[in-house]
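Going letter by letter, the sequence shown gives residues 1 to 446 in my numbering. One structure is given here, and the rest of the page talks about it.
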Amino acid sequence: MRSGRLQRPSASPVAAQASPTSLPFPALALLVALQIPWIFSIGDLRLTPYRLVLLILLPTCLLRWMSGKVGKVRLTDVALFLFCGWCAVAMVAIHGLSDAIEPAGILFLETMGGFLVARCYIRDEASFRMMAKVLFLISVILLPFALHEALTGGKVLLNTFRLIMPTYIDVGMPERWGLDRAQGNYIHPIHFGVNIGSTLTLTFLVLGYGKSPYVRMFKSSLVFLTSFLSLSSGPLTSMVGQIALLSWDRMSRGFPMKWSVLAIGGLAVFIMIEMFANRSLAVILIGYFAFDEYSAYIRTLTWQYGTQSIMNHPLWGVGFGPWDKPEWLTSSIDMHWIIDAVRHGIPAGFLVFLAFFSALLAVGRAPISDEKLSTYRTAYMITMVGFFMTGWAVYFWESSYILFTFLLGSGFWLIEADAAPSSISQIRRSGAATKNLRQRNSRENG
C-alpha cells in the first residue's frame, strides 16, 4: 500500500512575501514614507522620505522583476519603461542633456519605483489585504487632524513635523461651505483628498470581506469623511463614482456579464454624446467635476488649449516650459491624462493610457474562480477607475503620483492567482487535503 506521507507544497510565484498579519516591510516603508512631509536636499537634489525609500528599494525591485520572481513581464511593465524612456528623450530634445538628467531620473524613480515596489511585494491575498488595512489606518489616524483643520484652519501635522525638519508650505485657500480645506500632512488639499479617497473601495470590499454591512459602511464612512474634508471636487467625484460602481456590483450580483454590459453601455453613451451633443464628453464631465462655474470654466479652457498645444507640438511636447495658452490663463494643468502629452508629446500620452488600460484589461480578464479573490479584483478595478475619474480634474504629482503607480502595480498578483494560489489558500487547501488523506488511509487500514 502507498505511504500516506504528505509532501510539503512547493512555493508558487504568487506565494506570500508576508504572513497573514503583516505587510512586507518595503511596501510598508513606502506607505509610511508617503505620510512624512519633510523636505531635504543632497546637493541640488530635492529629496523627500518617499524618494529616499524608492532610491533604496528600486535596484532590488528591478533585479527581482528582471529575474522573473514576480511573474511574467506584462504589457504594462513594458509601456511604463517605454514611457520613461520616451520622456527622457523628449526632455533632452527640448532642454538639452544637462538639464534633462535630473527630471528624467526623478520621473523614472517615481514611476517605476512606486509601481515595482507593489509588483514585487504585494504578491498574494494576505499582503493585498494588509495593504488595504494600512491605508485604512492612515485614513483613521488623519481624520481628527483633518476635522481640526477644517474647523479652525490650524495645520497641526505640518507644524509638528516642522519642529524637526522643513516641510511642505502651508497652502492657504478660500473656504468652501464655511470650512477650511484640509491639507493634512500633504503638499496640497487635493493630494489629501486623492490619497485618502483611493482607500474607499479597498476598505469596503477587502477589509469588509466577510464582515457585516454595518461594519463595512462604518469603516467606509470614516474614509469618505476624511477625504471629503479636503473639499476638492476631484476626489469627491472619484468617491461618488466608486460608490456608484459598488452599488452596481451589489445590484447585479450573480449576473456574469455585469461589467461587460456596463462597459458597453458606457461606450454607447460616449458615442451618442460625441455624435449628437454640442459639447464633447470631456467638457461635459469637466463641468460636473467642478465645485463651481468658474472652476468648470477654467478647466474647460485648460482642456481646449491643452489639447491644442498637444497638436501644435505632437512629437516632443513643450517640456517644462510654457505651453500654448493665452497669457491670462493659469499655467497649471490640473488634468493628469493630458499633461504628459503636453510636456513630452503624443507618444508619452499614448504610453500612459496603454500602461493604465493594459493593467486593467490583464487583471480584469484573469480567470479567477475563488469568490474572495474575485472580490479583491473588483476592489482593485474600482479603485483604479476612481483614479481615472480623478485624473480629469487633478494632476497626480508628489505623493499622489507614487500612490497611483503603487496601487496600479498592486493587483498584478491576481493575474496568476488561480494558477498559483496565495499562502492562505495553500494552507487552507493543504489542511483539507491532509484531512481527506487521513480519512482515506483510515478506511483502507480498517
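Where a beta carbon is used, it is the ideal one built from N, C-alpha and C, also for glycine. As the structure is a computational prediction, the values presented were derived from the model and not from experiment.
*Would you mind stating whether TYR186 and PRO49 have Cβ atoms separated by less than 9 Å?*
Here residue 186 corresponds to residue number 186 of the sequence shown, with the count starting at 1. Here residue 49 corresponds to residue number 49 of the sequence shown, with the count starting at 1. With contacts defined as CB atoms closer than 9 Å, TYR186 and PRO49 fail to qualify as a contacting pair.
*Could you check where the alpha helix (DSSP H) with ILE141 kicks off and where it finishes?*
Counted from its first residue, the sequence shown places residue 141 at position 141. That run of the alpha helix (DSSP H) goes 125-152.
*For ILE190 versus PRO256, is the C-beta spacing smaller than 9 Å?*
Position 190 of the sequence shown, counted from the start, is the residue given in the question as residue 190. Position 256 of the sequence shown, counted from the start, is the residue given in the question as residue 256. In this structure, PRO256 does not lie closer than 9 Å to ILE190 by Cβ.
*Any idea if ALA182 is buried or exposed, counting beta-carbon neighbours within 10 angstroms, 16 or more meaning buried?*
Here residue 182 is taken as the residue at index 182 of the sequence shown, counted from 1. So ALA182 counts as buried.
*Going straight from the alpha carbon of SER10 to that of ARG365, what length do you get?*
On the sequence shown, position 10 is the one that residue 10 refers to. On the sequence shown, position 365 is the one that residue 365 refers to. The pLDDT assigned to SER10 is 38, lower than 50, so where the model puts this residue is not dependable; a value taken from the coordinates is nonetheless given after this. One alpha carbon belongs to SER10, the other to ARG365, and they sit about 26 Å apart.
*Option nearest LEU147 by Cα separation, candidates VAL194, VAL363 and PHE224*: Counting from 1 along the sequence shown, the entry for residue 147 is found at position 147. The shortest C-alpha separation from LEU147 is found at PHE224.
*In the DSSP assignment, find the alpha helix (DSSP H) that holds THR22 and state where it starts and stops.*
Residue 22 sits at position 22 when you count from the first residue of the sequence shown. Strictly speaking, residue 22 in this sequence is Ser, with Thr absent from that position. Looking at the DSSP string, SER22 is not in any alpha helix (DSSP H), and its letter there is neither H nor E.
*Is there contact here, the region 306-314 with the region 331-347, by at least three beta-carbon pairs under 8 Å?*
In short, these stretches touch, since the Cβ pair count reaches three.
_Among TYR121, SER98 and LEU62, whose alpha-carbon lies nearest the alpha-carbon of LEU31?_
Working through the sequence shown from its first residue, we reach residue 31 at position 31. Per the Cα distances, TYR121.
*Under the assumption that TYR401 contacts GLU125 (Cβ atoms under 8 Å), give the Cβ distance between them as a whole number of angstroms.*
Taking the sequence shown and counting its residues from 1, one reaches residue 401 at position 401. Taking the sequence shown and counting its residues from 1, one reaches residue 125 at position 125. Incorrect: roughly 26 Å between the Cβ atoms, too far for contact.
*Let me know the alpha helix (DSSP H) ranges lying completely inside the region 334-408, each 4 residues or longer, listed in chain order.*
The DSSP assignment places 336-344, 346-364 and 371-390 as complete runs of the alpha helix (DSSP H) inside the region 334-408, in order along the chain (cut-off: 4 residues).
*Is it a yes or a no for the region 172-181 touching the region 377-386, going by three-plus beta-carbon pairs under 8 Å?*
No: the two stretches stay apart, fewer than three of their Cβ pairs being nearer than 8 Å.
*Residue burial classification, TYR294 (beta-carbon count within 10 angstroms, cutoff 16)*: The residue you call residue 294 lines up with position 294 of the sequence shown. Classified as exposed, TYR294 has fewer than 16 neighbouring CB atoms from the shown chains inside 10 Å of its CB.
*Determine the extent of the alpha helix (DSSP H) in which ILE36 is found, giving its start and end residues.*
Residue mapping note: residue 36 aligns to position 36 of the sequence shown, counting from 1. In the DSSP annotation of this structure, ILE36 is not part of any alpha helix (DSSP H), being labelled neither H nor E.
*Inspect the beta-carbon positions of LYS133 and LEU23 and report whether they are closer than 9 Å.*
Here the question's residue 133 lines up with position 133 in the sequence shown. Here the question's residue 23 lines up with position 23 in the sequence shown. Contact check for LYS133 against LEU23 passes: the beta carbons are separated by less than 9 Å.
_Residue of LEU116, GLY85 and PHE115 minimising C-alpha distance to ALA104_ = In the sequence shown, residue 104 corresponds to position 104, counting from 1. The option with the nearest alpha carbon to ALA104 is GLY85.
*Using a Cβ-Cβ distance under 9 Å, would PHE83 count as near chain C?*
Given the protein chain composition of this structure (a single chain), no chain C is represented.
*For ARG46, the first and last residue of its enclosing beta strand (DSSP E)*: Numbered from its first residue, the sequence shown carries residue 46 at position 46. Start and end: 45-47.
*asked:* Would ALA33 and LEU55 qualify as a contact pair, given that the criterion is a beta-carbon distance under 9 Å?
replied: The residue you call residue 33 lines up with position 33 of the sequence shown. The residue you call residue 55 lines up with position 55 of the sequence shown. No; because the gap between Cβ atoms is not below 9 Å, this pair is not in contact.
*By the 10 Å Cβ neighbour count, where 16 or more other Cβ atoms means buried, how is SER3 classified, buried or exposed?*
For the purposes of this step, residue 3 is identified with residue 3 of the sequence shown, where counting begins at 1. Only weak support exists for where SER3 lies, its pLDDT of 40 falling under 50; the coordinates are left without a value.
*Reference MET216, options LEU229, SER227, PHE228 and LEU202, closest by Cα*: Position 216 of the sequence shown, counted from the first residue, corresponds to residue 216. One point to set straight first is that residue 216 is Arg, not Met, in the sequence displayed. Out of LEU229, SER227, PHE228 and LEU202, the CA that lies nearest to the CA of ARG216 is found in LEU202.
*Residues bridged to ARG176 by DSSP?*
Numbered from its first residue, the sequence shown carries residue 176 at position 176. ARG176 pairs with LEU179.
*Return the Cβ separation of SER198 and PHE387 in integer angstroms, given the expectation that the two are a contact with Cβ distance under 8 Å.*
As a working mapping, residue 198 is identified with position 198 in the sequence shown. As a working mapping, residue 387 is identified with position 387 in the sequence shown. 7 Å between Cβ atoms; contact.
*For GLY321, count neighbouring Cβ atoms within 10 angstroms of its own Cβ and tell me buried if that reaches 16, exposed if not.*
On the sequence shown, residue 321 is found 321 positions in, with the first residue counted as 1. It counts as exposed.
_DSSP state of MET167 mapped onto helix, strand, coil_ = Translated into positions along the sequence shown, residue 167 becomes position 167. Note on residue identity: the sequence assigns Thr, not Met, to residue 167. THR167: strand per DSSP, three-state reduction.
*Can you name the start and end residues of the alpha helix (DSSP H) that TRP259 belongs to?*
Within the sequence shown, residue 259 is the residue found at index 259, counting from 1. Per DSSP, TRP259 belongs to the alpha helix (DSSP H) from 258-276.
*Could you tell me how far apart the beta carbons of PHE412 and VAL352 are, in whole angstroms, since I believe they sit closer than 8 Å?*
For the purposes of this step, residue 412 is identified with residue 412 of the sequence shown, where counting begins at 1. For the purposes of this step, residue 352 is identified with residue 352 of the sequence shown, where counting begins at 1. Not a contact, Cβ separation roughly 18 Å.
*Reducing DSSP to helix, strand and coil, say where TRP65 ends up.*
The sequence position of residue 65 within the sequence shown is 65, counting from 1. Of the three classes helix, strand and coil, the one that applies to TRP65 here is helix, per DSSP.
_Can you tell me where the alpha helix (DSSP H) holding THR307 begins and where it ends?_
Taking the first residue of the sequence shown as position 1, residue 307 is located at position 307. Run containing THR307: 293-312, per the alpha helix (DSSP H) assignment.
_I need the straight-line Cα distance from ARG253 to PHE204, nearest angstrom please._
The sequence position of residue 253 within the sequence shown is 253, counting from 1. The sequence position of residue 204 within the sequence shown is 204, counting from 1. Distance between the alpha carbons of ARG253 and PHE204: 16 Å.
*If we count the other Cβ atoms within 10 Å of its Cβ and call it buried at 16 or more, is LEU97 buried or exposed?*
Mapped onto the sequence shown, residue 97 falls at position 97. Around the beta-carbon of LEU97, fewer than 16 other beta-carbon atoms lie within 10 Å, marking it exposed.
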